[in-house]
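At the far end of the sequence shown sits residue 258, using the working numbering, and the numbering has no gaps. Where a beta carbon is used, it is the ideal one built from N, C-alpha and C, also for glycine. Structure first, commentary second.
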Amino acid sequence: VVPDDNTVYYFAGIDKARFKRPVEPGDTLTLCVELDRMKAGIFKFKAKALVQDELAVEAELMCTMRTIA
190 VVPDDNTVYY FAGIDKARFK RPVEPGDTLT LCVELDRMKA GIFKFKAKAL
240 VQDELAVEAE LMCTMRTIA
C-alpha cells in the first residue's frame with residue numbers, strides 16, 4: 190500500500206506497552222518501527238523507542254487506513 194493524498198491513517202490502539210526506563214527532557218528518542226502484519230485495512234506494527242541505544246519502551250501499535258473522497 191502506497192500513501193497518497195486521498196488516504197488518511199488513524200491511530201487505532203496500543204497493546205503490550207512496556208516502559209523500561211524514564212525519558213527526560215533533552216533525551217533524544219529514536220523510534221524503530223516495523224510492519225508486523227496488514228489485514229483488511231488494519232496495520233499492526235512492532236515498535237521500540239531507544240534513548241542512546243538503551244530500550245525505553247516497546248509496544249504493538251495499530252492503525253487503520255481510510256480513503257477520503
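Endpoints, beta strand (DSSP E) assigned at residue i
{"i": "Ala238", "result": "Ile231 to Val240"}
{"i": "Arg255", "result": "Glu243 to Thr256"}
{"i": "Arg226", "result": "Leu218 to Lys228"}
Residue i, DSSP secondary structure in three states
{"i": "Asp194", "result": "coil"}
{"i": "Lys209", "result": "coil"}
{"i": "Gly202", "result": "strand"}
Beta-carbon proximity list for residue i, same chain, < 6 Å, skipping 5 on both sides
{"i": "Arg226", "result": "Lys233"}
Own chain partners of residue i with C-beta closer than 7 Å, once the 5 adjacent residues on each side are dropped
{"i": "Val197", "result": "Arg255 and Ile257"}
{"i": "Leu224", "result": "Phe232 and Phe234"}
Expected contact under 8 Å - CB spacing of residue i and residue j to nearest Å
{"i": "Ala245", "j": "Leu218", "result": "7 Å"}
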